[in-house]
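Enquirer: Next up is a structure, given as structure tokens.
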Amino acid sequence: MTEYGAKPSVAIVGFGLVGRVAALELMDRYQLTIFEKDPQDAQTGAGTLAAAMLAPLAESVICDRTLAEQGLKSIALWPSLLKKLDTPVFFQQQGSLIVAHQQDRGDLQSFEQRLKPLGEHQSTRVSQRDIATLEPELGSKFNQGLYLPCEGQLDNLAFFTSSYKTLCRRGVDFQFTQAAVIKEGKVNGQVFDWIIDCRGVGAKQDKPGLRGVRGEVARIFAPEVNLQRPVRLMHPRYPIYIAPKPNHQYVIGATEIESQDANDITVRSTLELLSAAYTVHSGFAEGRVMSLNAGLRPAFVDNHPHIEVQNNVISINGLYRHGYLLAPVVVQQALSKGLL
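Start counting the sequence shown at 144; every next residue gets the next number (the working numbering).
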């Protein structure tokens, strides 16, 4: 246990999105040891593949109001969390735009009907002129849409890089390529005051009901495309989102796939993602494919995050497709069980 006068010791098992948020919250008050089964430069976790959109209103279509309202609270926490980093990370809250081609007007209307107003936050119908004001390069392409002003996004890869460097400078002990075993309140036999289990899908064997939900994304460098905010295309077969990152990079993805297949992205998905993106903006045709990836997001049956506390072990899991949207508020709720 901790010697007199020393900082209490905390082990964080899993260095994905949740593990990084927890580490940033605790780094100044605790002596941290982080266990991660993958190498330091691995780009395999769900947090590296996500578009990192902060979209509580759009997500209210598929989740309950309580979860969406938590997302609103979480957006407000991101700026202070990012200030803890030694290097800046792109963050914006300029809303998101939902569009549909004329033949898919019904899908746009269905989406609008399923939105749950979150207090004063609600969608606004936009005309072709409005779209041209919000996104000049889409004004001639779409004449119908919705604007969701409360939404935002951040640069997930920059967050992963900056959080690691910041924690290194704070003297955090990293144990990479370590398949950590949590047993009897210890990690690989080592004693800690607290253990934070952030293994995601990696904890499946210890968490009944935990499943992986497949997500597939493309990251494109497209200098001929100039989008200012996330754009979602409503389509009956392949609805997609396009999230602009700094330096003309765009993350293009689709809705989740109920599959626990963690293999590489398929040709079908690649063609559908990129074809749909081209219908939004023809400039993607001359873009360069930086990466094509697939990964599993952890989820329970209710698709809600679960926090469990057993003695000195706090488990945070099941953030589903709401990782970046919910991570700050869920981690604070978990750490309030004894560490904050």
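We treat Cβ as the ideally placed atom computed from N, Cα and C, and that holds for glycine.
Would you check if the distance between the CB atom of Val-356 and the CB atom of Arg-440 is smaller than 8 Å?
Expert: Residue mapping note: residue 356 aligns to position 213 of the sequence shown, counting from 1. Residue mapping note: residue 440 aligns to position 297 of the sequence shown, counting from 1. Cβ distance < 8 Å, so Val-356 and Arg-440 count as in contact.
Enquirer: Taking 6 Å as the limit between beta carbons, can you name the residues of its chain near Ile-274, skipping five residues before and five after?
Expert: Reading the sequence shown from its first residue, position 131 is the one you call residue 274. Excluding sequence neighbours, Ile-274 sits near Leu-281, Gly-282, Phe-285, Gly-288.
Enquirer: Kindly provide the ranges of any beta strand (DSSP E) runs that are 3 or more residues long and lie completely inside the segment 221-261, ordered along the chain.
Expert: List check, beta strand (DSSP E) in window: 239-242.
Enquirer: Starting from Val-315 and walking both ways along the alpha helix (DSSP H), at which residues does that stretch end?
Expert: On the sequence shown, position 172 is the one that residue 315 refers to. It is not in any alpha helix (DSSP H) - Val-315 carries neither H nor E in the DSSP assignment.
Enquirer: Flag this pair as touching only if the segment 384-397 and the segment 472-480 have three or more C-beta atom pairs under 8 Å; answer yes or no.
Expert: Touching, no, given that fewer than three Cβ pairs across the two stretches are closer than 8 Å.
Enquirer: Work out the CA separation of Leu-370 and Pro-349 for me, nearest whole Å.
Expert: The sequence position of residue 349 within the sequence shown is 206, counting from 1. The sequence position of residue 370 within the sequence shown is 227, counting from 1. It should be pointed out that residue 349 corresponds to Asp in this sequence rather than to Pro. Each residue's Cα considered, the two are about 43 Å apart.
Enquirer: If you count every other CB in all the chains shown that lies within 10 Å of the CB of Lys-388, and 16 or more means buried, which is it?
Expert: Stepping through the sequence shown from its first residue, residue 388 is reached at position 245. Buried, because 16 or more other Cβ atoms sit within 10 Å of the Cβ of Lys-388.
Enquirer: Cα separation between Ser-217 and His-447?
Expert: Counting from 1 along the sequence shown, the entry for residue 217 is found at position 74. Counting from 1 along the sequence shown, the entry for residue 447 is found at position 304. Distance between the alpha carbons of Ser-217 and His-447 is about 15 Å.
Enquirer: Just to confirm, are Leu-192 and Cys-293 a CB contact at a threshold of 8 Å?
Expert: Here the question's residue 192 lines up with position 49 in the sequence shown. Here the question's residue 293 lines up with position 150 in the sequence shown. Their beta carbons are not under 8 Å apart, which means Leu-192 does not touch Cys-293 by this criterion.
Enquirer: Going by DSSP, which residues form a beta bridge with Tyr-290?
Expert: Position 147 of the sequence shown holds residue 290. In DSSP, Tyr-290 forms a bridge with Leu-240, Thr-267.
Enquirer: In this structure, what does DSSP give as the bridge partners for Phe-178?
Expert: In the sequence shown, residue 178 corresponds to position 35, counting from 1. Note: Phe-178 sits in a beta bridge opposite Val-156, Gln-318.
Enquirer: Can we say the segment 455-474 touches the segment 147-164, given the rule of at least three CB pairs closer than 8 Å?
Expert: Cβ pair count under 8 Å is three or more, so yes.
Enquirer: So, Gly-438 versus Phe-303, is the Cβ gap smaller than 8 Å?
Expert: To locate residue 438, count along the sequence shown from 1; it is residue 295. To locate residue 303, count along the sequence shown from 1; it is residue 160. Result no, Cβ atoms of Gly-438 and Phe-303 do not sit closer than 8 Å.
Enquirer: Measure the CB-CB distance between Gln-296 and Ala-211 and report whether it falls below 8 Å.
Expert: Mapped onto the sequence shown, residue 296 falls at position 153. Mapped onto the sequence shown, residue 211 falls at position 68. Their beta carbons are not under 8 Å apart, which means Gln-296 does not touch Ala-211 by this criterion.
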